[in-house]
Amino acid sequence: MTALGGAVIDAVPPGVKDWAVSLFGTADKLALLAGMALGIAVFAAAAGVLELRRRFAGAVVFAVFGVVGLAAVLTRAQVTAAAVVLPLLAAGIGTAVLLKLVRGLAATDRGGDTGPRPARRGFFQLLGGTAAGVLVGGAVVTVWRGGAAGVNEVRRTLRLPAPQSPAPPIPAGADIRLAGVAPLVTPNPDFYRIDTALSVPVLDSREWRLKVTGLVEREVEVSFEDLLAKPLIERHVTIACVSNEVGGDLIGNARWLGWPVRELLAMAGPKPDADMVLSRSSDGFTASTPLEVLTDRRDALLAVGMNGEPLPLEHGFPVRMIVPGLYGYVSATKWLTELKVTRFADDVAYWTPRGWSERGPIKISSRIDVPRNGASIQPGTVVFGGVAWAQHTGIGKVELRVDRGDWQPARLAPGISVDTWYQWQLGIDLQPGQHEVQVRATDLKGTEQTEEQRSVAPDGATGFHTIRVDVKT
């Protein structure tokens, strides 16, 4: 089912993807799986009805199901023997259960049963058979995915080396400690997850390899052990999803441990005509990152650690990319397996033909975390607080305005670095009634956040985050 779901994710147009993310957030994959499970149940019921009406018609439907599932599996980046067998096995079990139930109903009908009508009893038998099929399928998938337990154990016992260059200390006052404002450093369990993997890839770090290919003087391959032996650095970096709406929460700040990507690329020696690196995930996802961004002095990392521990499986274990200043869809490849040095004119990444820009620099943005939109509050001084970001440039100023009046400067806390978000707060005296409050940020180069309202496609949303509050009389 995960292969079929992956094929669905690949096929849907950008607008549908944006709608799903905005509606379900990080539960988008769970919603897809639930919808698919419901669809399969309806499909199985339809097959039963067809088989009752015409011999082997339902069996043909199950056969088609198996072929479609097999085709979906063959489109995936990593095709194993078990993955190929699963849809065929599911179709075979479904067909066998269906034929047995239908033949049993026919025999009962011929026997002149005087109890409840066979069709009614058969309906419940078919339901039971479907449930049994689901249980069998679940057991098979559980066994097939059993390797995750072993990899989790490897991850649990892994001890990451100390960084040669530790993260700079967090400046005093950087955390305003205002209730309701996003934590300065996002805990791993709360960190957003948006990717194309319907099931989390399970990679054994002992077998993992990263290849550098393409327009290079020499191809390079490194193991996880090789990577850990390098002079690692640790940095706080805020990353964001391009699907993050204005005021959204698909953004987080973490302390990452890794080896600079530029060091690995230097070993390979990119050729002069190269201008892009196409990073590839184990599940086939690709991202197009400008070569100059990966070779300048910013701290683009091959990350192995997150907030003091090995990367969680769902965040890319054993290795992912972290690139300050770019949206994740063009930089933050998880479950990394290959870096292909190439040109934008010659290769396209996963999201480019689906309507997204091939380059995705992060836009200046800001958010009001407290009070919440629609809050009912007491009159007097109301404390507003939130975050602002312009990764790899830094924030110089945050301002608020009430009811489209004059802009008022907020107290901007010092940032950890220009690659992270900044917290801010401002107390404003509000009279009773309904009020509209907006926030805007200005980066350290003096560029103001734009007021123009734009959707997330093709390269990130813009506009002022706007909330409305009701001050009680």
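Mapping of the sequence shown onto full-length UniProt numbering: position 81 corresponds to residue 81, and the numbering continues sequentially without gaps. Ideal Cβ placement from N, Cα and C applies to all residues, glycine included.
{"Check": "Alpha-carbon to alpha-carbon, S205 and A268", "Outcome": "22 Å"}
{"Check": "Check whether A240 and L250 have beta carbons under 8 Å apart", "Outcome": "yes"}
{"Check": "T238: first and last residue of the uninterrupted beta strand (DSSP E) it sits in", "Outcome": "I233 to A240"}
{"Check": "Under 8 Å between C-beta atoms of V471 and P324", "Outcome": "no"}
{"Check": "Alpha carbon of R468 to alpha carbon of A172, nearest angstrom", "Outcome": "32 Å"}
{"Check": "Residue range of the unbroken alpha helix (DSSP H) whose run includes R262", "Outcome": "V261 to A268"}
{"Check": "G146 versus R218 - alpha carbon distance", "Outcome": "Confidence at G146 is low in this model, with a pLDDT of 49, below 50, so its placement is unreliable and the value that follows should be read with caution. Computed Cα separation, rounded: 38 Å."}
{"Check": "G138 burial status per 10 Å Cβ neighbour count (16 or more: buried)", "Outcome": "In this predicted model, G138 has a pLDDT of only 48, less than 50, meaning its place in the structure is not dependable; the value taken from the coordinates is given anyway. Exposed, because fewer than 16 other Cβ atoms sit within 10 Å of the Cβ of G138."}
{"Check": "Close beta carbons around G328, own chain, < 6 Å, minus the five adjacent residues each side", "Outcome": "I239 and C241"}
{"Check": "C-beta atoms of A300 and R359 nearer than 8 Å", "Outcome": "no"}
{"Check": "Separation of T289 from S417, as counted between CA atoms", "Outcome": "22 Å"}
{"Check": "Counted within 10 angstroms of its Cβ, other Cβ atoms place G460 as buried (16 or more) or exposed", "Outcome": "buried"}
{"Check": "In DSSP terms, what N253 is bridged to", "Outcome": "T238"}
{"Check": "Cα-Cα separation between P432 and L184, rounded to whole angstroms", "Outcome": "32 Å"}
{"Check": "Residue range of the unbroken alpha helix (DSSP H) whose run includes T462", "Outcome": "First-last for T462: undefined, no H or E at that position."}
{"Check": "Simplified DSSP assignment, three categories, for I93", "Outcome": "helix"}
{"Check": "Buried/exposed call for T342, threshold 16 Cβ in 10 Å", "Outcome": "buried"}
{"Check": "Residues near P161 by beta carbon distance below 7 Å, same chain, minus five either side", "Outcome": "L228 and L232"}
{"Check": "Span separating the alpha-carbon of A287 from that of S331", "Outcome": "6 Å"}
{"Check": "Contact between the region 265-279 and the region 407-426 (3+ Cβ pairs under 8 Å)", "Outcome": "no"}
{"Check": "Alpha carbon of L426 to alpha carbon of V383, nearest angstrom", "Outcome": "6 Å"}
{"Check": "Runs of beta strand (DSSP E) wholly within the region 345-415 (minimum 3 residues, chain order)", "Outcome": "365-370, 380-389 and 395-402"}
{"Check": "Euclidean distance between Cα positions of G115 and E245", "Outcome": "For G115, the predicted structure reports a pLDDT of 45, less than 50, and the residue's modelled location is therefore unreliable. A value from the coordinates is still provided. Distance between the alpha carbons of G115 and E245 is about 60 Å."}
{"Check": "Endpoints, the alpha helix (DSSP H) within which D195 is located", "Outcome": "Element bounds for D195: n/a, residue is neither H nor E."}
{"Check": "Integer-rounded CB distance, given that P318 should sit under 8 Å from W407", "Outcome": "About 47 Å; that fails the 8 Å criterion."}
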